[in-house]
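*Asks:* My questions all concern the structure below.
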Amino acid sequence: MAADQKQTVKEIVQNFGKNRHRLMDMVREVQSRFGHVSNESAHVIADILGIPFVEVIDMVSFYSFLSRTLKGKSVVRLSKCIVDKMHGMDKVAAAFEKEVGVKFGNTSGDRSITLEYTPCIGMCDQVPALLVNGTVITNVTSKDVPEIVGRLRKGKKIGTQDTDSTRPDAQVELNLRKPGPVIFSPMDRGAAIRAALNMTPEEVITTVTNSRVRGRGGAGFPTGMKWNFCRKSKGEAHYVICNADEGEPGTFKDRVILTEVPDLVFEGMTVAGYAIGAKEGLFYLRGEYQYLYSYLHQVLAHRRHLGLLGRNIGGKEGFDFDIRIQMGAGAYVCGEESSLIESLEGKRGAPRDRPPFPVTKGFMNQPSSVNNVETYCCAARIMEKGADWFANIGTKDSSGTKLFSVSGDCKKPGVYELEFGITVDDLLQVVGGEDAQAVQVGGPSGNCIAPKDFGRKLCFEDLSTGGSVIVFGPKRDMLDVVREFTEFFIEESCGWCPPCRVGTSVMLGMLDKIITGKGSRKDLEELEKVCNTVKKMSRCGLGQTAPNPILTTMKNFPKLYSSLIKTEEYVPTFDWDKALADGIAIAGRKPVWEGEEL
Amino acid sequence: MSNDMITIYIDDIAVEAKPGQTVLEAADAAGIYIPRLCYHKDLVPGGHCRVCTVKINGKPTNACTFPAQEGLVIENNTPEMVEARRQIIEFLFVEGNHICPYCEKAGNCELQALAYRLGMTAPTFPYMFPKIQVDATHPDVYIDRNRCVLCGRCVRASRDVDGKSVFGFEGRGINKRIVVNADHSLSETQLGAADKAAHICPTGSIVIKRVGYSIPYGKRDYDLEPIGSDIEKKRK
């Protein structure tokens, strides 16, 4: 490694205060400067931080946006979400392979371009979409590809990379189809904080509790209760953490919030800081949303300027709070709160065992409240407009509105803010997806439902979703969808525990046996059994929900499977004739099977 | 009152536990065996293998990290949990390339012993036959990743007991592997043959050289009695 490169790595480590838990920032920076994190770079980092080299490797090798081998100057990451595939991703991919001259997973000979697939990048309403380094390009057709590749080869900019001075929707369509009263109504900057500061922290928590707001990420834990646990936990410091790692395929609501009302999120985090007694807020932004980074940075700077962040906020003596944005680097599992915390600490995003829960031992083993982007927005509005106002919207167990990001086979894909309790039927009418044969509620980890269930309600007490709603029209092959989703989990499994690490691949193998017409009734039973083991025995939510695409379609679309099942007791996957073909050709005679005459 | 004993119920047996004990520790002390693979009494629990998963008040939870609390109702040796554990062991067998009939570890191998104890005869899933690297560069110890179950014992032992961090993980999902704290191979690390990390592998993945087969097959630990018997002997 050249001395000047070594010096650059040293400076990067120093710029982040030689702080072990900023390792993610350091390696991201090294990656962007040098196109990979080489062993030499890892040694420099490890030496300065005083940690083993293998610890850096452990971390770097985990994230899909970090690489130990040299990538091209531009890395094209084509989103291969099922929704991209439904809208012509394959043609775009073929065009890239033709133009660049290499297959996906490879780098061009001149090292100018690397082609890679990546899971859902949160652009399902404007597919096919891709990332080039940090820039997003949406609605790509195969005709656009020659120009994109040509510009990249010449080192020219693509899209509107000039995000410093423009709103991020310059490169991504907003597609906010229906604003509602909670998230997307006009806001008065600072109003929520002023309202909160008129109360004691305990009163703030009581107000949040009375609003009955529940976590918007999908799990639906009561927010007031979480804040209360966190406040009461003893620690050297308390942390407010915002989960902006929306990686569930088909989810893109946070993208719209962060474009349209980022102030509301930061306002909610600040209120939480006051309520639980935190001085530091950490905003974990998924790597795919890097294009939002500088914009959000500006919003934070402006809030500091207005006295809404920093010291003595709102004139309240001793109320100091600030927010730092932590970028992720491509790992779905980091949406799981304990993995997210590990990632914030600069480690691989492996989940933790609970207890202890983050509210007692979270970031740096201190009490931490991890909430969804949308949840913080709700909390801010509750301060502004009161618990009763909020509790009167929605249903008994699901107060307020919910953002639905709708994509797939519908006329108007985008984000809808609707009251909890709306039926799937009504939602399909609003979005123009009335002829759906199936709706995936809550993404792959959720539930795939059939028309018989379209009368059900979207809310915590019935069909729960973190926001993802994918519509499948009558012509879609649902087993293809199931297969795609199962592959997604295989790719995103962190590998910590065998039920998820191995079980997901075993599930896919069994599913393929059935799809290829070699499955018997017994195979179907075995598949279900394995799915249940993975669900029951996995360490975290990823593994526990990874079998859902198979299990929910087995339940709701039994004919998909039964129509493929053979009547025989057992059909081997192993093909004797094929395996013996070479030998037969060489020997020049056919084998004699048992029972046959010589 | 915090020093008072706690009572938990494992498969309807009342078990006394000390405050601060995990469910697994309390069960061990009472002579009740909860199958486990990545757990080792000298190491902090890693929660990797999930073999010690029990149902605690109806919810599947790993026993090695869950603190004993008054009145917990625990399902351990039920047909449901035994079957789920057996499937995990099967997953591990098909994920790697295991060679029990001539493996140096056979008879002393915790993976193999668990398979026997949980009633696995042969895996019912297709083998994955991964391409795996063997590292025999070190003068006294070799790593055969074919038999690695990613339990992380060597990682924890080297870091926490030996103070060397010779081992770590690389990659994720089905491509996750054990790697060493060096650019290339084990010989470049500080690993010593006497290190805890060199002696703690539950399978034949980290093996000491030149002592192979010193105890003949048939006379090894689990040839004589099933895994967990030592714990069950403590049962009053």
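In the order they appear, the protein sequences are chains A and B.
For the first sequence, the working numbering gives the first residue as 1, with consecutive numbering after it.
For the second sequence, the working numbering gives the first residue as 1001, with consecutive numbering after it.
Think of the CB as a built atom: it goes at the ideal place given N, C-alpha and C, for glycine as much as any other residue.
The model shown is predicted, which means the values in this text are computed figures rather than measured ones.
Give me the chain B residues within the contact set of T135 (chain A), using Cβ-Cβ distance strictly less than 9 Å, ordered along the chain.
*Replies:* Correct list: empty, because the minimum Cβ distance to chain B is about 26 Å.
*Asks:* What are the partner residues of C448 (chain A), as DSSP defines its beta bridges?
*Replies:* Looking at the DSSP assignment, C448 (chain A) forms a beta bridge with A:Q440.
*Asks:* Grouping DSSP H, G and I as helix and E and B as strand, with all else coil, what is N372 (chain A)?
*Replies:* Strand, per DSSP.
*Asks:* Using Cβ-Cβ distances below 9 Å, what residues of the stretch 1124-1135 of chain B are close to chain A?
*Replies:* For the stretch 1124-1135 of chain B, which is checked against every Cβ of chain A, the residues closer than 9 Å are T1124, F1125, P1126, M1128.
*Asks:* Would you mind reading off the limits of the beta strand (DSSP E) that contains V75 (chain A)?
*Replies:* 74-79 is the extent of the beta strand (DSSP E) around V75 (chain A).
*Asks:* Between D1011 (chain B) and N1076 (chain B), which are expected to be in contact by the criterion C-beta below 8 Å, what is the C-beta distance as a whole number of angstroms?
*Replies:* Yes, they are in contact, since the Cβ atoms of D1011 (chain B) and N1076 (chain B) sit about 5 Å apart, within 8 Å.
*Asks:* Roughly how many angstroms separate the alpha carbons of Q5 (chain A) and M26 (chain A), rounded to a whole number?
*Replies:* Rounded to whole angstroms, Q5 (chain A) to M26 (chain A) spans 14 Å at the Cα level.
*Asks:* Thinking just about the alpha-carbon of each residue, which of A:Y117, A:S112, A:A129, A:L176 is nearest to the one in K156 (chain A)?
*Replies:* Per the Cα distances, A:S112.
*Asks:* What are the partner residues of K178 (chain A), as DSSP defines its beta bridges?
*Replies:* K178 (chain A) is bridged to A:Y416.
*Asks:* Using a 10 Å radius around the Cβ and a threshold of 16 neighbouring Cβ atoms, would you call E1232 (chain B) buried or exposed?
*Replies:* Exposed.
*Asks:* Name, please, each residue of chain B whose Cβ falls closer than 7 Å to the Cβ of R286 (chain A).
*Replies:* Ordered by position in chain B, no residue passes the 7 Å Cβ test against R286 (chain A), which lies about 16 Å from the chain.
*Asks:* Could you give the DSSP three-state label for L1144 (chain B): helix, strand or coil?
*Replies:* Rather than Leu, the amino acid found at residue 1144 (chain B) in this sequence is Asp. D1144 (chain B): strand per DSSP, three-state reduction.
*Asks:* At the 8 Å Cβ level, is K1041 (chain B) part of the contact set with chain A, yes or no?
*Replies:* Taking Cβ atoms only, chain A never reaches closer than 8 Å to K1041 (chain B), which makes this a no.
*Asks:* Does the count of Cβ pairs from the stretch 502-522 of chain A and the stretch 571-590 of chain A closer than 8 Å reach three?
*Replies:* Touching, per the Cβ criterion.
*Asks:* In whole angstroms, give me the CA-to-CA distance for R303 (chain A) and K1196 (chain B).
*Replies:* Answer to the nearest angstrom: the Cα atoms are 53 Å apart.
*Asks:* With DSSP as the reference, label M199 (chain A) as helix, strand or coil.
*Replies:* Coil.
*Asks:* Below 8 Å CB to CB, which residues in the same chain sit around F557 (chain A) once its five sequence neighbours on both sides are set aside?
*Replies:* So the list reads A438, C448, A450, M478, once near-sequence residues are dropped.
*Asks:* Straight-line CA distance for G583 (chain A) to K590 (chain A)?
*Replies:* Cα to Cα, G583 (chain A) sits roughly 9 Å from K590 (chain A).
*Asks:* Could you tell me whether the Cβ of Q1087 (chain B) comes closer than 8 Å to any Cβ of chain A?
*Replies:* Judged by the 8 Å Cβ criterion, Q1087 (chain B) is in contact with chain A.
*Asks:* Whole angstroms are fine: how far does the CA of I422 (chain A) sit from the CA of L428 (chain A)?
*Replies:* For L428 (chain A) and I422 (chain A), the distance between alpha carbons rounds to 10 Å.
*Asks:* Using the beta-carbon of each residue, which ones in chain A are nearer than 9 Å to N1146 (chain B)?
*Replies:* Residues of chain A passing the Cβ test: none, with the nearest at roughly 15 Å.
*Asks:* Pull up the distance between the alpha-carbon of G433 (chain A) and that of F489 (chain A), whole angstroms please.
*Replies:* One C-alpha to the other measures close to 27 Å.
*Asks:* I want to see whether chain B comes within less than 8 Å of C494 (chain A), judged by CB atoms only; does it?
*Replies:* Closer than 8 Å: yes.
*Asks:* Beta-carbon of A1157 (chain B) versus every beta-carbon of chain A: anything under 8 Å?
*Replies:* Not one chain A Cβ lies under 8 Å of A1157 (chain B).
*Asks:* Give the C-beta separation of E374 (chain A) and I121 (chain A) to the nearest angstrom, bearing in mind that I take them to be a contact with Cβ-Cβ under 8 Å.
*Replies:* The pair is not a contact, with the Cβ atoms about 19 Å apart (cut-off 8 Å).
*Asks:* Should T1045 (chain B) be labelled buried (16 or more other beta-carbon atoms within 10 Å of its own) or exposed?
*Replies:* Per the sequence shown, residue 1045 (chain B) should be read as Pro rather than Thr. Buried, because 16 or more other Cβ atoms sit within 10 Å of the Cβ of P1045 (chain B).
*Asks:* Using a Cβ-Cβ cut-off of less than 8 Å, give me the residues of the stretch 461-492 of chain A that come near chain B, in sequence order.
*Replies:* The residues in question are I490, E491, E492.
*Asks:* Using a C-beta to C-beta distance shorter than 8 Å, which residues of chain A count as neighbours of R1050 (chain B)?
*Replies:* Here the neighbours are C497, P498, P499, M537, S538, R539.
*Asks:* Between B:T1022, B:A1198, B:V1180, B:G1031, which lies nearest to I1013 (chain B) when the distance is taken from Cα to Cα?
*Replies:* It is B:G1031.
*Asks:* Is it true that the stretch 387-405 of chain A meets the stretch 269-276 of chain A, where meeting means three or more beta-carbon pairs spaced less than 8 Å apart?
*Replies:* In short, these stretches do not touch, since the Cβ pair count stays below three.
*Asks:* Rounded to the nearest angstrom, what separates Q599 (chain A) and L344 (chain A) at their Cα positions?
*Replies:* Summary: the structure shown does not reach residue 599 (chain A), with chain A confined to residues 1 through 598, and so no result is reported for it.
*Asks:* Is it the case that the Cβ atoms of G1047 (chain B) and D1221 (chain B) are separated by a distance below 8 Å?
*Replies:* Not closer than 8 Å, so no.
*Asks:* Give the residues of chain B in contact with T573 (chain A), contact being defined as C-beta atoms less than 9 Å apart.
*Replies:* Per Cβ cutoff of 9 Å: P1126.
*Asks:* Report yes or no: is there a C-beta of chain B within less than 8 Å of the C-beta of F454 (chain A)?
*Replies:* Chain B, which has no Cβ nearer than 8 Å to the Cβ of F454 (chain A), makes this no.
*Asks:* Which same chain residues end up closer than 7 Å to L560 (chain A) when comparing Cβ atoms and leaving out the 5 residues on each side of it in sequence?
*Replies:* Result list for L560 (chain A): M478, L479, T553, in chain order.
*Asks:* State the Cα-Cα distance for the pair C1109 (chain B) and F62 (chain A), rounded to the nearest angstrom.
*Replies:* Rounded to whole angstroms, C1109 (chain B) to F62 (chain A) spans 29 Å at the Cα level.
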